[in-house]
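Notes to accompany the following structure.
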Amino acid sequence: MLTRFKCAGAAMVLAIVVAPVVPVAAAPAPAPQLIDQAGHVFSFNSLAGTPLVITFVAAHCTDACPLVNAQLARAAQQIIRERRKVRLLTITLDPEHDPPQTMRSLARTFGADPRIWIMASGSVTNVHRVMRMFGVVTRLGRGGYADVHTTFVYFVDAGGTLRKTLMASSDLSSQVVAEMPR
-18 MLTRFKCAGA AMVLAIVVAP VVPVAAAPAP APQLIDQAGH VFSFNSLAGT
32 PLVITFVAAH CTDACPLVNA QLARAAQQII RERRKVRLLT ITLDPEHDPP
82 QTMRSLARTF GADPRIWIMA SGSVTNVHRV MRMFGVVTRL GRGGYADVHT
132 TFVYFVDAGG TLRKTLMASS DLSSQVVAEM PR
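Here is the structure:
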């Protein structure tokens, strides 16, 4: 746009350049990567297309976590028997103490077949990012372990949308199976 101004009898042309202001968006952070019990690196994007049941546990927990794992082991058996299209995903909530090899050992203890039930860990940063995504809260207790924590179970549909959140319970295996498509 050109604007003409007269200044002391002389014509002066002032060019005003109007450029649209385009906000500079920060590049999106890469999806956090986790490591399953077989040592494979994955992200939530790689699990897209299949409904997920997601839990967070600590391998050293002697309270709710082993009960949740036992309920998921029971649900996994039923999912396999009924050939349901669903995956179970258990992520450590204490990555400082539960590296991938610890989750691999936990997977063996509960018979977690990685084709159905993934037990994952990863870098402290990535695991904490995933925990924040789901609102998982922990508090350090004895020995610096994440002893106090939330015990929710998250149902994510094949499109990646959180559909339901439940509290862990003694009837968790039945609830998991009932929520999943055939």
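Throughout the sequence shown, residue numbering follows this note's numbering, covering -18 to 163 in sequence.
Heads up, the beta-carbon is just placed ideally off N, CA and C, and yes, glycines get one too.
Because the structure is a prediction, the values reported are computed rather than measured.
With a 10 Å radius around its C-beta and 16 neighbouring C-beta atoms as the bar for buried, classify Ile61 as buried or exposed. Taking the sequence shown and counting its residues from 1, the one referred to as residue 61 is at position 80. Around the beta carbon of Ile61, fewer than 16 other beta carbons sit within 10 angstroms, so the residue counts as exposed.
Rounded separation between Gly228 and Gln52 - CA only: Missing from the structure shown is residue 228; the chain here goes from -18 to 163 and no further.
CA nearest to the CA of Val39, picked from Val137, Val117, Ala159 and Met161: The residue labelled residue 39 in the question sits at position 58 within the sequence shown. What sits at residue 39 in the sequence shown is Ala, not Val. Residue Val117 is the option with its Cα nearest to Ala39.
Selected residue, minimal CA-CA separation from Phe133, among Ile72, Ala19, Arg110 and Ala101: Translated into the one-based positions of the sequence shown, residue 133 becomes position 152. Selected option, being the one with the closest Cα: Ile72.
Does Val111 pass the burial test, meaning 16 or more other C-beta atoms within 10 Å, or should it be called exposed? Here residue 111 refers to the residue found at position 130 of the sequence shown. Burial call: buried.
Near Leu153, which residues of its chain fall below 6 Å by C-beta distance, leaving aside the five closest residues on each side in sequence? The residue labelled residue 153 in the question sits at position 172 within the sequence shown. In chain order, Gln52 place their CB closer than 6 Å to the CB of Leu153, counting only its own chain and leaving out the 5 sequence neighbours on each side.
Nearest-angstrom Cβ-Cβ length linking Val49 and Thr36, presumed shorter than 8 Å: Here residue 49 refers to the residue found at position 68 of the sequence shown. Here residue 36 refers to the residue found at position 55 of the sequence shown. Contact annotation, Val49 with Thr36: C-beta distance approximately 6 Å; criterion of less than 8 Å satisfied.
Taking all protein chains shown into account, do 16 or more other C-beta atoms lie within 10 angstroms of the C-beta of Gly27, making it buried, or fewer, making it exposed? Translated into positions along the sequence shown, residue 27 becomes position 46. This sequence places Ser at residue 27; Gly is not what is there. The residue is exposed, with fewer than 16 neighbouring Cβ atoms inside 10 Å.
Kindly list the residues whose CB is nearer than 6 Å to the CB of Val22, restricted to its own chain and excluding five residues on each side of it in sequence; keep chain order. Stepping through the sequence shown from its first residue, residue 22 is reached at position 41. Result list for Val22: Gln14 and Ile16, in chain order.
Exposed unless 16 or more other CB atoms sit within 10 angstroms - verdict on Thr83: Taking the sequence shown and counting its residues from 1, the one referred to as residue 83 is at position 102. Around the beta carbon of Thr83, 16 or more other beta carbons sit within 10 angstroms, so the residue counts as buried.
Taking the straight line between their C-alpha atoms, what separation do you get for Leu121 and Leu147? Position 140 of the sequence shown, counting from 1, holds the residue named residue 121. Position 166 of the sequence shown, counting from 1, holds the residue named residue 147. Looking at the two C-alpha atoms, the distance is approximately 23 Å.
Straight-line CA distance for Met161 to Lys66? Taking the first residue of the sequence shown as 1, we reach residue 161 at position 180. Taking the first residue of the sequence shown as 1, we reach residue 66 at position 85. Note on geometry: alpha-carbon atoms of Met161 and Lys66 lie some 8 Å from one another.
For Val137, count neighbouring Cβ atoms within 10 angstroms of its own Cβ and tell me buried if that reaches 16, exposed if not. Your numbering for residue 137 matches position 156 in the sequence shown. By the neighbour-count definition (other C-beta atoms within 10 Å, threshold 16), Val137 is a buried residue.
Taking the beta carbon of Leu87 as the centre, do at least 16 other beta carbons fall within 10 Å, making it buried, or is it exposed? Taking the first residue of the sequence shown as position 1, residue 87 is located at position 106. Leu87 should be labelled buried.
Given a cut-off of 9 Å on the beta-carbon distance, is the pair Gln18 and Pro81 in contact? Stepping through the sequence shown from its first residue, residue 18 is reached at position 37. Stepping through the sequence shown from its first residue, residue 81 is reached at position 100. Contact flag set, yes.
Sorted by chain position, which residues of the same chain lie with C-beta nearer than 8 Å to Ala57's C-beta, five sequence neighbours on each side aside? On the sequence shown, position 76 is the one that residue 57 refers to. A distance below 8 Å between beta-carbons, with the five flanking residues on each side excluded, links Ala57 to the following residues of its chain, in chain order: Leu69, Gly92, Ala93, Asp94, Ile97 and Trp98.
If the criterion is Cβ atoms closer than 9 Å, does the pair Val129 and Thr119 meet it? Residue numbering aside, residue 129 sits at position 148 when the sequence shown is read from its first letter. Residue numbering aside, residue 119 sits at position 138 when the sequence shown is read from its first letter. Yes; because the gap between Cβ atoms is below 9 Å, this pair is in contact.
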